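Data first, discussion second: the structure below is written as structure tokens.
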Amino acid sequence: LFRLQTRRSSSTMAPGDDNVVIMDGSMGRQLCLDGMPQDELFRQIWSARALVDSSLHQLVVDAHKSYIEAGATLLITNAYGVQPTFYRRAFPQEWEANMLRDAEVAARLAVQAKAECGVPSVRVFGCLPPLSESHRPDMFDAFLQQEGKEFVVKTYRNLAKAALKGGSEALILENMVSWQEAELALEAVRDMGVSLILSMEGALRDMERNPQPQIAPDVARLAIKAKQSGLPIEALGFSCTEPETILACLTALEHKPGMLKALQDAGIRLSAHANLNDRREAHKKGFDVRTDQSNEIKARMDLVHDGFNGYVNLCQDFVKHGATFVGGCCGCGPAGIAAV
Numbered sequence: 243l244f245r246l247q248t249r250r251s252s253s254t255m256a257p258g259d260d261n262v263v264i265m266d267g268s269m270g271r272q273l274c275l276d277g278m279p280q281d282e283l284f285r286q287i288w289s290a291r292a293l294v295d296s297s298l299h300q301l302v303v304d305a306h307k308s309y310i311e312a313g314a315t316l317l318i319t320n321a322y323g324v325q326p327t328f329y330r331r332a333f334p335q336e337w338e339a340n341m342l343r344d345a346e347v348a349a350r351l352a353v354q355a356k357a358e359c360g361v362p363s364v365r366v367f368g369c370l371p372p373l374s375e376s377h378r379p380d381m382f383d384a385f386l387q388q389e390g391k392e393f394v395v396k397t398y399r400n401l402a403k404a405a406l407k408g409g410s411e412a413l414i415l416e417n418m419v420s421w422q423e424a425e426l427a428l429e430a431v432r433d434m435g436v437s438l439i440l441s442m443e444g445a446l447r448d449m450e451r452n453p454q455p456q457i458a459p460d461v462a463r464l465a466i467k468a469k470q471s472g473l474p475i476e477a478l479g480f481s482c483t484e485p486e487t488i489l490a491c492l493t494a495l496e497h498k499p500g501m502l503k504a505l506q507d508a509g510i511r512l513s514a515h516a517n518l519n520d521r522r523e524a525h526k527k528g529f530d531v532r533t534d535q536s537n538e539i540k541a542r543m544d545l546v547h548d549g550f551n552g553y554v555n556l557c558q559d560f561v562k563h564g565a566t567f568v569g570g571c572c573g574c575g576p577a578g579i580a581a582v
């Protein structure tokens, strides 16, 4: 239904927002709707299920194309599930080779979609995902203690190289679950010579998984410091949680005296792409992709009803509070992006 309802909403962004970049939306959920098998392998590697099977590659290309046709000018490669924790489960003997292969494949498929649509202004950002689990700073902390900083940096560097080899022109550190993870990922890509979006998991959770959007100014200060050290950070983002929490992050930045001016002076824009599904309880109890049942996930009707008007209104709020990159995450398909 979401794929079919792609007519544009009558709602518009605030006047003067011609510089707003429209990002794409969900890939994992969209690929499920488009026919990607939700089998045991899917439960291990999520959206990367469509990468390991070449017969499913066209699904990925078509999903990317549907976002371009909906108006997105920024694509994120379908590599969110391409990470060591997932690939070790699925491919214990050849996990690293398969992981790097699929990071490159994900980029190639996005570049192919861009070429087939004939829209050269579309930018392809290679996805660098959390290395342990989404929404789980506690799990990354355990992962880091077990694997060490050198492994994390090396893994992010190799994933970035694979994404660029596949044709990505920039990189997005997507849904970093803690500043500790973000800092190591930034160290890994420091010398890649491409633009970066640093997108934090939008709830900025503590080790007990409690949202703490009030620390957004602290994260922004660290991002500014990283930019001043030479990292080419184009935008600081908040993503993959409910839009109200992301709005709370943006509001916290706005209310901190001088913070928006400091970000502007550093050349760092703000990005927001939120979940449209009802996921509060899943995040509260501790997200685990292996037990997350895609067919049980429900969209929030207050966000998707009447041509996604509820989410469009929140995107308008994102822009009013400083965001100039706006898109969707889980539950936001091409129709949602068309509405935005």
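Letter by letter, the sequence shown follows residues 243 to 582 of the numbering used here.
Just so you know, even glycine gets a beta-carbon here, dropped at the ideal spot from N, CA and C.
As the structure is a prediction and not an experimental result, all values here were calculated from the model.
Worksheet item: In angstroms, rounded to a whole number, what distance separates the CA positions of T248 and S308?
Response: Summary for T248: the model assigns pLDDT 38, below 50, so the residue's position carries little reliability; its value from the coordinates is reported in the next sentence. C-alpha of T248 to C-alpha of S308: approximately 9 angstroms in a straight line.
*Return the chain-ordered list of same chain residues with a C-beta closer than 6 angstroms to the C-beta of D559, the five sequence neighbours on each side being excluded.*
Apart from the 5 residues on each side of it in sequence, D559 sits with its Cβ closer than 6 angstroms to the Cβ of L489 in its chain, given in chain order.
When you compare each of A321, A314, G323, S376 to S363 by their alpha carbons, which one comes out closest?
The shortest Cα separation from S363 among A321, A314, G323, S376 belongs to A314.
- Compute the distance between the beta-carbons of A348 and V324, then report whether it is under 8 angstroms. Result yes, Cβ atoms of A348 and V324 sit closer than 8 angstroms.
Taking DSSP's pairing of strands, which residues face N320 in a bridge? None; N320 has no bridge partner.
Worksheet item: Under the rule that 16 or more other beta-carbon atoms within 10 Å means buried, what is E392, buried or exposed?
Response: Exposed, by the Cβ-count rule.
Among K540, V395, L428, T319, which has the Cα closest to the Cα of H299? Minimum Cα distance to H299 is reached at T319.
Around the Cβ of E416, are there at least 16 other Cβ atoms within 10 angstroms (buried) or fewer (exposed)? Flag for E416 reads buried.
- Query: Unbroken alpha helix (DSSP H) runs of length 4 or more, entirely within the segment 298-386: which are they?
  - Reply: With a minimum length of 4 residues, the continuous alpha helix (DSSP H) runs that stay inside the segment 298-386 are 299-312, 326-332, 337-359.
Practice item. Can you give me the Cβ contacts of L428 inside the same chain, cut-off strictly under 6 angstroms, excluding the 5 residues immediately before and after it? Key: A468, L473.
Quick one: give me the first and last residue of the alpha helix (DSSP H) that N555 is part of.
It spans 543-562 - the alpha helix (DSSP H) in which N555 sits, taken as one unbroken run.
Minimum C-alpha distance to P371 - residue among F284, D281, L556, S289: Considering only F284, D281, L556, S289, the residue with the shortest C-alpha distance to P371 is S289.
Worksheet entry | Cβ shell of P459 (< 7 angstroms), same chain only, five flanking positions each side left out | A494, L495, K498, M501.
Q.
Given this structure, state the Cα-to-Cα distance separating M543 from N261, to the nearest angstrom.
A. If I take the Cα positions, the gap works out to 29 angstroms.
With a threshold of 8 angstroms, are at least 3 pairs of Cβ atoms found where one atom belongs to the segment 380-395 and the other to the segment 437-446?
Fewer than three pairs of CB atoms, one per stretch, sit closer than 8 angstroms, so the segment 380-395 makes no contact with the segment 437-446.
| Exposure label - G509; buried when at least 16 CB within 10 Å | An exposed status is given to G509, since fewer than 16 other beta-carbon atoms sit within 10 Å of its beta-carbon.
According to the neighbour-count rule (16 or more other Cβ atoms, all chains shown, within 10 Å of its Cβ), is H547 buried or exposed?
That one is exposed.
- Message: Less than 8 angstroms between the C-beta atoms of C557 and S268, yes or no?
- Response: Taking the C-beta atoms as reference points, S268 is found no nearer than 8 angstroms to C557.
field: Strand pairing of G509, partner residues [DSSP]
entry: DSSP output for G509 lists no bridge partner at all.
Going by CA-CA distance only, name the one from G390, V302, G360 that's closest to R350. V302 is the residue among G390, V302, G360 whose C-alpha sits nearest the C-alpha of R350.
| query | Q388: buried (16+ other C-beta within 10 angstroms of its C-beta) or exposed? | reply | Exposed.
Checklist entry - Where does V568 fall in DSSP's three states? => result The three-state reading of DSSP puts V568 in strand, counting E and B together.
Compare the C-beta of D559 against all C-beta atoms of chain B and say whether one is closer than 8 angstroms.
In summary, chain B is missing from the structure at hand, where a single protein chain is found.
* Going by DSSP, what residues sit across from H515 in a beta bridge? -> BP columns for H515 point to S481, G569.
Check: How many Å lie between E187 and S437 at the Cα?
Finding: Missing from the structure shown is residue 187; the chain here goes from 243 to 582 and no further.
Requested in this report: Find out if the Cβ-Cβ distance for the pair A465, L426 is shorter than 8 angstroms.
Outcome: Annotated as distal: A465 and L426, with beta-carbon spacing of 8 angstroms or more.
Can you list, in chain order, the residues of its chain whose CB lies under 6 angstroms from that of N519, leaving out five sequence neighbours each side? Only I539, A541, C572, G573 meet the Cβ criterion.
Discussion item. Given this structure, state the Cα-to-Cα distance separating V431 from A402, to the nearest angstrom.
Written reply: Straight-line Cα distance between these residues: approximately 7 angstroms.
Open item on the list: So, under 8 angstroms CB-CB, T483 and N452 are touching, yes? Tell me the CB distance rounded to an integer number of Å.
Closed with: Rounded, the Cβ-Cβ distance is 12 angstroms, inconsistent with contact.
Distance, Cα to Cα, A332 vs Q286? Rounded to whole angstroms, the separation of the alpha carbons of Q286 and A332 is 6 angstroms.
**Asked** When we look at the beta-carbon of I579 and count the other beta-carbons within 10 Å, is it buried (16 or more) or exposed?
**Response** I579 is classed as buried because its beta carbon has at least 16 other beta carbons within 10 Å across all chains shown.
_Within 8 angstroms, strictly: CB atoms of G368 and Y322_ = Taking the C-beta atoms as reference points, Y322 is found no nearer than 8 angstroms to G368.
**Asked** Where R291 and P279 are concerned, what is the direct C-alpha to C-alpha distance, given to the nearest angstrom?
**Response** Cα to Cα, the separation comes out at about 8 angstroms.
Check: Where do the N-terminal and C-terminal ends of the alpha helix (DSSP H) with A445 fall, by residue?
Finding: Unbroken run through A445: none, as it is neither H nor E.
- Task: Using DSSP bridges, identify the partner residues of I539.
- Result: None; I539 has no bridge partner.
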